[in-house]
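Some notes on the structure that comes next.
Number of protein chains: 2
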Amino acid sequence: MREPTPPAAPAGSYTPTDRTVPTRSAHRASYDRELVHAILDEGCVCHLGYIRDGAPVVLPTLYGRIGERLYVHGSTGSRPLRMAGQADPGLPVCLTVTHVDGLVLARSAFHHSVNYRSVVVHGVARRVTDPQEKRAALDALVDQVVPGRSADSRPANAKELAATAVLRLDLDEVSAKVRTGGVDDEPEDLSLPHWAGVIPVRRQYGTPLPDAALSPGIALPGYLAAL
Amino acid sequence: MREPTPPAAPAGSYTPTDRTVPTRSAHRASYDRELVHAILDEGCVCHLGYIRDGAPVVLPTLYGRIGERLYVHGSTGSRPLRMAGQADPGLPVCLTVTHVDGLVLARSAFHHSVNYRSVVVHGVARRVTDPQEKRAALDALVDQVVPGRSADSRPANAKELAATAVLRLDLDEVSAKVRTGGVDDEPEDLSLPHWAGVIPVRRQYGTPLPDAALSPGIALPGYLAAL
């Protein structure tokens, strides 16, 4: 008789806080660590919010994940990176990643919606000063664009490293929000003469366009063909 | 002899401000009204930033455009909508829309990037109180998901209207930022043995999934087949 398979280790959850418990559609919120990681790992562009002169700013930027840490980067001259370097302990930010999975077309205008998966991270972004952590973060940023890519590119040299600032944001105050499924019309609307349903949406990669100066004999690597 | 075609009316531009002139990659910034409208009209989900208890919050939400006004909506009980209703003159926000068009894989890790088009709108979001403007805004929100859809759905009734709050954000302090083209490697890296180029990315719609309760005989409307 075989030993019973041990139960999977509990996935673990983030602890909900006042900021991560939504006032609306609370049933769509999740604090599951694996779900949060999966949503983050499927994208490479986030929307980073911070406060400048008392007003909110939201900018799209690349990110990378290593375990329970997210990293964003930019020129040492860019505004949020300078601000994070000057502030103590860092720059309060909100980092949000969203995937749209479908357009939900209900019979009623009111019940129109989209299927989506999003992650919202609240916290303080701190400048990374440790050189090893900085290098690892830059690798993670490249691998977030295409997994496996950092090993197939020239690493940053000293000049490039000096010109690049990296911010770290710990995954601590985090929530996911997910809408899936079909339309949610009122019972009395079901007989209305309007088409209703879901239009799936997904990200599609096109045929890779090689650089005109690509050396002859360099084939498309497997990790790109796999996209 | 035919009359010469009159020159196209000047597209017009938004006036750059301290907030809309980037510190980095200024050559990618644009204030062209037509470009801004085109980027906005291609999407339906924005990232809305506001300040709550002194910290930034960034949430994905649907939006709609009517001329030089953007609208977002939500339950009258949702946090930003309540805050905008209580604040005078409104809620300072930053609304950002981003489309990712390609993954830019350079030979050097440093020059990895993405091709994208984004619009960032700064301003004050105000609650819409005029009933006609509110109805028009809700139509615009539905038509932003699928053009033509609002005319083929049941309009909001009095109860739904009362439960929905709409915020207006004028397109006034606005910029677009666009990266296009190929890799931008250093000349001395061109002979490195790494594949380099661009992986195009686009949004793809799947086969529409009709609601299980769809009345027999309701065909897929033309505006959906066109997707």
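In the order they appear, the protein sequences are chains A and B. Just so it is clear: in the first sequence, position 214 is 214 by full-length UniProt numbering, and no numbers are missing. Just so it is clear: in the second sequence, position 24 is 24 by full-length UniProt numbering, and no numbers are missing. For every residue, glycine included, the Cβ atom is placed at its ideal position computed from N, Cα and C. None of the values given here were measured: they were computed from a predicted structure.
How would you call H56 of chain B, buried or exposed, if buried means at least 16 neighbouring beta carbons within 10 angstroms?
The sequence given here has Pro at residue 56 of chain B, not His. Buried, by the Cβ-count rule.
Where V119 of chain B and I66 of chain B are concerned, what is the direct C-alpha to C-alpha distance, given to the nearest angstrom?
16 Å
Any C-beta of chain B under 8 Å from that of D172 of chain A
no
Please state whether the Cβ-Cβ distance between Y116 of chain A and T98 of chain A is less than 8 Å.
yes
By Cβ distance, which residues of its chain are closer than 6 Å to G85 of chain A, with the 5 residues on each side in sequence left out?
R127
When you compare the CB of Q86 of chain B with every CB in chain A, is at least one pair closer than 8 Å?
no
For P208 of chain B, which of helix, strand or coil comes out of DSSP?
coil
Which of helix, strand or coil DSSP assigns to I39 of chain A
helix
At a cut of 8 Å, does the region 68–79 of chain B reach the region 164–171 of chain B through at least three beta carbon pairs?
yes
From what residue to what residue does the alpha helix (DSSP H) around E186 of chain A run?
Segment: none, E186 of chain A is in no alpha helix (DSSP H) and carries neither H nor E.
Hey, quick one: how far does the alpha helix (DSSP H) through L81 of chain A stretch, first residue to last?
R79 to Q86
Leaving out five residues before and five after V174 of chain B in sequence, what residues of the same chain have Cβ atoms less than 6 Å from its Cβ?
Y14, V36 and V121
With burial defined as no fewer than 16 other Cβ atoms inside 10 Å of the residue's Cβ, what is the status of H27 of chain A: buried or exposed?
exposed
Can a CB atom of chain A be found closer than 8 Å to the CB of S153 of chain B?
yes
Give me the chain E residues within the contact set of G181 of chain B, using Cβ-Cβ distance strictly less than 9 Å, ordered along the chain.
Annotation note: the requested chain E is absent from the structure, which comprises protein chains A and B.
Which one or two residues does DSSP pair with R33 of chain A in a beta bridge?
Its beta-bridge partners do not exist; DSSP assigns none.
Which residue marks the beginning of the beta strand (DSSP E) containing D101 of chain B, and which one marks its end?
L91 to L105
Counting C-beta neighbours from all protein chains within 10 Å, is the total for V21 of chain B 16 or more, i.e. buried, or is it exposed?
exposed
Using 10 angstroms around the beta-carbon of P10 of chain B, count the other beta-carbons present and answer buried if the total reaches 16, otherwise exposed.
Note on P10 of chain B: pLDDT 44, under 50, position unreliable in the model; the coordinate value appears next. Exposed, by the Cβ-count rule.
Could you give the C-beta distance for A196 of chain B and D152 of chain A, rounded to a whole number, given that I count them as a contact under 8 Å?
The Cβ separation is near 10 Å, so there is no contact.
Measuring CB to CB, does R33 of chain A end up less than 8 Å from V201 of chain B?
no
Exposed or buried, A125 of chain A, counting other C-beta atoms within 10 Å across all chains shown (16 or more means buried)?
buried
Taking Cβ to Cβ, would you say V45 of chain B is nearer than 8 Å to L59 of chain B?
no
Among A:E186, A:D184, A:A213 and A:D185, nearest to V198 of chain B - alpha-carbon criterion
A:A213
Where T98 of chain B meets chain A, residues with beta-carbon distance less than 8 Å
V45, H47 and P60
Please identify, using Cβ separations under 8 Å, the residues of the region 130–149 of chain A that lie next to chain B, in order along the chain.
L138, D139, L141, V142, V145, V146 and R149
List the residues of chain A that R79 of chain B touches, going by C-beta distances under 7 Å, in chain order.
T23
Between the beta-carbon of G64 of chain B and the beta-carbon of Q144 of chain B, is there less than 8 Å?
yes
Assign R64 of chain B to one of three DSSP states: helix, strand, or coil.
Looking at the sequence provided, one finds Gly at residue 64 of chain B rather than Arg. Residue state, collapsed to three classes: strand.
At least one CB of chain B closer than 8 Å to the CB of Y71 of chain A: is that the case?
no
CB contact below 8 Å: G67 of chain A versus chain B
no
From A:L190, A:V183 and A:D88, pick the residue whose C-alpha is nearest to that of S215 of chain B; which is it?
A:L190
What are the boundary residues of the alpha helix (DSSP H) that A137 of chain A is part of?
P131 to V145
Helix, strand or coil at G222 of chain A [DSSP, three-state]:
helix
Proximal chain A residues relative to V166 of chain B, where beta-carbon distance stays under 7 Å:
Ordered by position in chain A, no residue passes the 7 Å Cβ test against V166 of chain B, which lies about 12 Å from the chain.
Let me confirm a value: A219 of chain B is counted as buried when at least 16 other C-beta atoms fall within 10 Å, else exposed. Which label applies?
exposed
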